[in-house]
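Input: a single structure, listed below in structure tokens.
Number of protein chains: 2
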Amino acid sequence: MLEPTDIVRYEEGGPKVVLLDQRRLPDEEVELECGTVAELVTAIRELAIRGAPAIGIAAAYGLALAAERGEDLDAAAAALAEARPTAVNLAWALGEMRDDPTPAHARRLHEEEVERCRAMAAHAAELFGPGTRALTHCNAGGLATGGYGSAVGALRAAWERGLLAHVWVDETRPLLQGSRLTAWELEAAGIPHAVIADSAAAALMAGGEVDCVVTGADRIAANGDTANKIGTYSLSVLAAYHRLPLYVIAPTSSVDLATATGAEIPIEERAGAELTSRFPARNPAFDVTPAGLIAAIVTEHGVHRAPYADSLAMLV
Amino acid sequence: MLEPTDIVRYEEGGPKVVLLDQRRLPDEEVELECGTVAELVTAIRELAIRGAPAIGIAAAYGLALAAERGEDLDAAAAALAEARPTAVNLAWALGEMRDDPTPAHARRLHEEEVERCRAMAAHAAELFGPGTRALTHCNAGGLATGGYGSAVGALRAAWERGLLAHVWVDETRPLLQGSRLTAWELEAAGIPHAVIADSAAAALMAGGEVDCVVTGADRIAANGDTANKIGTYSLSVLAAYHRLPLYVIAPTSSVDLATATGAEIPIEERAGAELTSRFPARNPAFDVTPAGLIAAIVTEHGVHRAPYADSLAMLV
């Protein structure tokens with residue numbers, strides 16, 4: 012049985028980067044071995060591993076793989092950086108690895124990512140009152156980070172403190188990261204949960220069955236605008252209408268002060284075939300939630316409130 | 012090749028009610044024959060035919076079937092009325108059929124339903140400006156009515172008048188009536204369209220790519236509160252936030268003056284297995300859009316505006 016903590020590891024000798032293949036969860040718990048940077052780039056692009064911090068860690072191991080195999084480091088870094096366009100963690104991890112592209116360094120970055128998640132979770136738990144019924148979108152879990160989770164990490168911490176009553180899991184079309192991955196993680200953690208259609212969130216809010224929305228982030232601009240899985244912006248508008256807080260839980264490695272506002276974040280458009288093989292389709296993978304609809308951003312350094320231009324600038 | 016107009020028919024002699032099996036669209040265009048009321052009830056419950064006006068017509072044919080077969084009419088009417096709980100059209104059609112449960116009468120109700128759709132569509136087209144990019148949810152098409160459509164009928168009429176530029180089709184989880192049925196109808200009609208994930212509607216609105224939202228209705232309460240496919244309420248909040256109008260297109264047979272407000276409308280909870288076979292799920296089939304978020308309700312009698320308590324009372 013594999014677990015969220017088995018998300019990615021490096022094996023010397025081969026050498027290879029070994030991923031828990033998230034495309035096949037929850038039905039099959041199998042690993043995918045990447046013996047070259049090209050194979051790893053394909054795995055990232057095709058979402059065998061996904062989630063902003065997780066692909067950052069995978070890229071760090073990828074640069075170690077390139078170094079050990081004697082591949083050109085510039086070409087490897089460029090290919091890894093371009094595997095997905097929206098998250099900033101790829102570039103961040105590759106920048107960190109540049110001066111010391113060793114497996115030991117990648118493992119240290121991985122461990123630090125997990126420590127950041129535990130710190131974020133501890134801060135985020137302070138936002139939860141007793142009996143909280145939280146709604147989450149996509150998978151900001153151990154599978155999206157280093158094994159513990161950002162938004163799901165916050166839910167783990169709240170559950171351990173006896174503050175969490177229930178989690179509504181948006182199934183998260185088209186690739187169902189909620190009903191496949193987040194539900195799998197919550198089941199393993201013993202946290203009560205139920206999957207819902209993405210479009211049912213509003214009705215549950217209107218019925219008084221949701222207390223807060225908790226999500227991760229793929230990139231946070233300097234002003235607090237946050238790119239995350241398509242549907243997060245929708246939830247932010249719905250939460251505001253129902254006077255519920257939306258919390259973004261993400262490490263500072265997802266904060267990009269070089270991006271002034273959400274308007275500058277490139278939004279990945281994925282193949283329409285993820286939605287339908289029969290008709291035309293439009294399939295943006297992310298949307299941008301304006302800072303004004305975010306009640307708090309939680310990083311490993313604490314709970315940050317608006318104006319985010321100030322609170323985020325102090326972090327980085 | 013079957014078309015939306017082949018949605019349901021009655022065959023004497025057998026006798027039987029023949030449905031276009033909507034569960035198998037768009038991949039297979041096949042018919043389902045119901046030789047007993049029990050078979051028809053199962054077909055309605057399992058969504059071989061769905062859509063409030065369409066199941067009303069199917070129930071009318073069902074009562075004719077019961078009469079021709081010598082089945083107990085009270086038992087047949089009760090079974091048909093209980094096949095789905097939210098729409099009021101089942102009870103309406105059965106009430107209409109009671110004094111004359113003949114195939115000829117059912118066919119007349121069917122024809123009148125199509126005429127009502129054409130009248131609704133003509134009224135609704137007045138709401139469209141040139142170059143409109145409309146967003147629709149679920150299938151309020153020919154397949155949901157008698158062959159022409161309520162919301163999709165409005166889109167057909169706007170297209171014929173040269174007022175419609177594009178239709179965004181919510182895929183409509185969990186049963187994908189948008190990406191399976193509405194896209195199939197729009198393709199057949201030659202209307203430009205693209206399927207989107209339900210959760211992408213908000214981002215398209217924010218990007219200025221949507222001019223209005225057009226939906227059908229499963230039941231309209233006396234005050235204008237409208238039950239429709241889960242996700243319609245979500246769209247109504249999102250449309251209001253982006254200052255876009257949401258139009259409800261439905262025949263007066265969907266208006267239920269005996270239901271004072273949306274709070275009294277029973278909401279069907281369907282099996283969680285429609286969402287996930289692996290984890291707990293919550294699967295309401297409908298939600299209620301408050302009258303205050305509806306820009307206009309269009310029936311065969313015209314365009315009705317708030318206060319709906321007055322404008323709807325004059326109709327029925």
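Sequence order for the protein chains is A and B. Quick note: the first sequence uses the working numbering, first residue 12, plus one each step. Quick note: the second sequence uses the working numbering, first residue 12, plus one each step. Backbone N, C-alpha and C define an ideal beta-carbon position, used for all residues, glycine too.
Inset, instruction - Give a yes or no on whether 8 Å exceeds the smallest Cβ distance from arginine 184(B) to chain A. - result: yes
Inset, instruction - State yes or no: is the C-beta of serine 210(B) within less than 8 Å of the C-beta of glycine 242(A)? - result: yes
Legend entry - Residue range of the alpha helix (DSSP H) that includes alanine 29(B): A small correction: the amino acid at residue 29(B) is valine; alanine does not occupy that position in the sequence shown. Run containing valine 29(B): none in the alpha helix (DSSP H); it sits in the beta strand (DSSP E), 27-31.
Legend entry - Any chain B beta carbon closer than 8 Å to aspartate 32(A): no
Legend entry - chain A residues whose Cβ lies nearer than 8 Å to that of glutamate 198(B): Phe290
Legend entry - Members of the stretch 37-69 of chain A that neighbour chain E once the beta carbon cut-off is set at 7 Å: In the structure shown, chain E does not exist; the protein chains are A and B.
Legend entry - Proximity test, Cβ basis, 8 Å: leucine 286(A) and chain B: yes
Legend entry - Span of the alpha helix (DSSP H) around isoleucine 223(A): The amino acid at residue 223(A) is misidentified as isoleucine; the sequence shows cysteine. Taken as a continuous stretch (DSSP letters only), cysteine 223(A) belongs to no alpha helix (DSSP H), being part of the beta strand (DSSP E) at 223-226.
Legend entry - Within 8 Å, strictly: CB atoms of arginine 34(B) and alanine 69(B): no
Legend entry - Neighbour flag for aspartate 298(B) against chain A, beta carbons, 8 Å: yes
Inset, instruction - Identify whether alanine 130(B) lies in helix, strand or coil by the three-state DSSP scheme. - result: helix
Legend entry - Buried/exposed call for glutamate 23(B), threshold 16 Cβ in 10 Å: exposed
Inset, instruction - For glycine 242(A), decide whether its Cβ has a neighbour in chain B, counting only Cβ atoms nearer than 8 Å. - result: yes
Inset, instruction - Report the option in Pro256(A), Leu326(A) and Lys240(A) whose CA atom is closest to the CA atom of alanine 98(A). - result: Lys240(A)
Inset, instruction - With 8 Å as the threshold, decide whether the Cβ of isoleucine 231(A) is near any Cβ in chain B. - result: no
Legend entry - Closest residue to aspartate 236(B) among Ile305(B), Met325(B), Gly160(B) and Arg281(B) (Cα-Cα distance): Ile305(B)
Inset, instruction - Count the other C-beta atoms from every protein chain shown that fall within 10 angstroms of the C-beta of arginine 262(B), then say buried if there are 16 or more, exposed otherwise. - result: Here residue 262(B) is proline; the residue named in the question, arginine, does not match the sequence. With 16 or more other Cβ atoms within 10 Å, it is buried.
Inset, instruction - Find the nearest neighbour of alanine 2(A) within the set Glu79(A), Ala117(A), Ala136(A) and Ala49(A), judged by alpha-carbon distance. - result: Because chain A in this structure spans residues 12 to 327, residue 2(A) falls outside the shown range and cannot be described.
Legend entry - Members of the stretch 262-277 of chain B near chain A, C-beta cut-off 9 Å: none
Inset, instruction - Could you check which residue in Val309(B), Ala75(B), Asp321(B) and Val327(B) has the C-alpha nearest to that of valine 163(B)? - result: Val309(B)
Legend entry - arginine 10(B): contacting residues in chain A (beta-carbon distance under 8 Å): Since the first residue of chain B shown is 12 and the last is 327, residue 10(B) is not available in this structure.
Legend entry - Closer than 8 Å at the beta carbon, the chain B residues around leucine 249(A): Ser245, Val248 and Leu249
Legend entry - For valine 19(B), three-class secondary structure by DSSP: strand
Inset, instruction - For glutamate 280(A), count neighbouring Cβ atoms within 10 angstroms of its own Cβ and tell me buried if that reaches 16, exposed if not. - result: exposed
Inset, instruction - Let me know the secondary structure DSSP gives proline 114(A) once reduced to three states. - result: helix
Inset, instruction - Buried or exposed for proline 64(A), please, with buried defined as at least 16 other CB atoms from any protein chain shown within 10 angstroms of its CB. - result: buried
Inset, instruction - Please confirm if the stretch 130-143 of chain A is in contact with the stretch 167-187 of chain A, defined as three or more CB-CB distances below 8 Å between the two stretches. - result: yes
Legend entry - C-beta neighbour in chain A for serine 190(B), strict 8 Å: yes
Legend entry - Close Cβ partners of alanine 130(A) (< 6 Å) along its chain, the five nearest in sequence each way excluded: Glu311
Inset, instruction - Could you tell me whether the Cβ atoms of leucine 175(B) and isoleucine 202(B) are closer together than 8 Å? - result: yes
Inset, instruction - Would you give the residue range spanned by the alpha helix (DSSP H) that asparagine 100(B) belongs to? - result: 100-108
Inset, instruction - Using a cut-off of 9 Å between C-beta atoms, extract the partners of alanine 92(B) located in chain A. - result: Near alanine 92(B) there are no residues of chain A at all, since even the closest Cβ is about 25 Å away, more than 9 Å.
Inset, instruction - Taking 8 Å as the cut-off, decide whether the C-beta atoms of leucine 36(A) and arginine 184(A) are in contact. - result: no
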